[in-house]
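Numbering (my numbering), first residue to last: 9 to 484.
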């Protein structure tokens, strides 16, 4: 009897083993797989159109001897870019493009009644603007030039190569692009002399080229007298040679501006953290001594400071680098920008740099043509084929003007003040001016954060210096 029971028990064990083995191989999926939650990224704003990712750094309209400039953040800039983009999309056939030279453009410019120039810095991929089969001609465009003559329009695309596309019977005339409000500009000559003896430091010549030529002709007669009239600490300015490295345009008329209040952007914290980690249960939350909140899953980290500064790092993305094209990096960067806080209306792509198999992008805010600089202001991103390895964001919304507008001090006074402040760093009497422009500078006080109008002056020998627009006091 006992042997029978043992046999029955053994048979049951064998059958149960066979049943469990069958269930293991052919039964239901494991609980973890069957009940895995589904997560979806929640974008703060839609990703922009390709044509909106990179916009011109400046738009230049020339009519005869007159030059008009428009910068990001100005209403007329937006109008001119929309009109030009419409013309490009409607009438530009890249399969008709032919190679040309800069000499050909120079000849056309001599007789052209009007020209329109879009300068792109950083450059824009050609496929972002037009469709067709000519993408292999040039990878990126740094400049688009429209030259009207008689019954046709010549469009030049300048990048690694120079292409010309002729648009016959064009219905877009120069008058369609004529600015409603004309603000004439001048281009600084390649050599700038600070001769305070011939004219007031604040006076702007009607014709800059002729004025500087006159300075050179009369310099021998007046320089000695001018130096005698100048204070001793300013005497060296008349001996400094300033070479202008690139095209620098400045308004012929006075520039008026005022301090503007700034307000931190408000982002929903849970939505922001989910954008980086997707599953919040996988992110550990740490409150640091300085008040910052730190979220991490062991592979990447997100730090949110009390000041509003946001920093995200993913070191493993840097270790797995692979090359990515400029066009693909821009598109992926724009989508990540929309996910990690969203696109603000005043933000434009300001810088692009190739770094270690990927790209570094910087976005900055603009108001009335003035860029907001200083501190950690703006958005910075490092991106490669694997994704975003670094992201920093600190954005503000422009508020109200704190007082009435006042004029900028003249650019000559600003350049002179910058040289005086950096005098000890000058080893020669020659300097190279890399950039000179009016900007807004981010200033953080005890009870207020504001944008202060300032002159941005960049010498190759001394770096960048910011001077208050009304007193020329240094801001950095």
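Glycine included, each C-beta is placed from N, C-alpha and C at the ideal position. These numbers come from a predicted model, not from an experiment.
- Excluding its 5 nearest sequence neighbours in each direction, residue 375 has C-beta neighbours in its own chain below 6 Å: 81 and 406, listed in chain order.
- Burial is judged here by how many other beta carbons sit within 10 angstroms of a residue's own beta carbon; residue 436 has fewer than 16 and is exposed.
- In this structure, residue 387 keeps its C-beta atom at 8 Å or more from the C-beta atom of residue 368.
- When 403, 317, 469 and 411 are compared, the shortest CA-CA separation from residue 430 is found for 469.
- Excluding sequence positions up to five before and after residue 182, its CB lies within less than 6 Å of the CB of 122 and 156, all in the same chain and listed in chain order.
- Each residue's CA atom was taken as its position, placing residue 338 and residue 440 some 32 Å apart.
- The residue from 450, 434 and 419 with its alpha-carbon nearest to that of residue 465 is 419.
- Looking only at 449, 61, 285 and 252, the smallest Cα-Cα distance to residue 131 is reached by 61.
- Residue 315 holds the alpha-carbon nearest to the alpha-carbon of residue 403 among 315, 18, 28 and 95.
- In the structure shown, residue 89 falls within a helical segment according to DSSP collapsed to helix, strand and coil.
- Taking 8 Å as the upper bound for CB-CB distance, residue 416 and residue 351 are not in contact here, some 30 Å apart.
- The C-alpha of residue 14 is placed about 11 Å away from the C-alpha of residue 21.
- For residue 392, the closest alpha carbon among the candidates 125, 340 and 458 is that of 340.
- Under the three-pair Cβ rule at 8 Å, the region 300-314 does not count as touching the region 355-369.
- Scanning its chain for C-beta atoms nearer than 6 Å, with the 5 sequence neighbours on each side dropped, one finds around residue 125 the residues 68 and 153, in chain order.
- If you draw a straight line from the Cα of residue 254 to the Cα of residue 448, it is about 22 Å long.
- Per the C-alpha coordinates, the member of 286, 283 and 309 positioned closest to residue 293 is 309.
- By the neighbour-count criterion, in which a residue is buried when 16 or more other Cβ atoms sit within 10 angstroms of its Cβ, residue 372 is buried.
- Of the candidates 349, 323 and 88, the residue whose Cα lies closest to the Cα of residue 276 is 349.
- For the pair residue 335 and residue 54, the CB atoms are not nearer than the 8 Å cut-off.
- Contact between residue 266 and residue 454 is absent: CB atoms are separated by about 21 Å, not below the 8 Å threshold.
- A residue is called buried when at least 16 other Cβ atoms come within 10 angstroms of its Cβ; residue 184 does not meet this threshold and is exposed.
- Between residue 452 and residue 395, the C-beta gap is not smaller than 8 Å, which leaves the two residues out of contact.
- Its chain contains 68, 69, 70, 187, 190, 191, 192 and 193 as the residues whose beta carbon lies nearer than 8 Å to that of residue 76, once the 5 sequence neighbours on both sides are disregarded; these appear in chain order.
- Measuring C-alpha to C-alpha distances from residue 108 to each of 59, 246, 73 and 163 identifies 163 as the nearest.
- Contact between residue 119 and residue 172 fails: their C-beta atoms lie close to 16 Å from each other, not under 8 Å.
- Annotation: the continuous alpha helix (DSSP H) that includes residue 282 extends over 277-285.
- Annotation: the continuous alpha helix (DSSP H) that includes residue 334 extends over 334-347.
- Every beta strand (DSSP E) stretch that sits fully inside the region 106-160 and reaches 3 residues is listed by chain position as 122-133 and 148-157.
- Check the Cα spacing between residue 479 and each of 10, 467, 426 and 311: the tightest is with 426.
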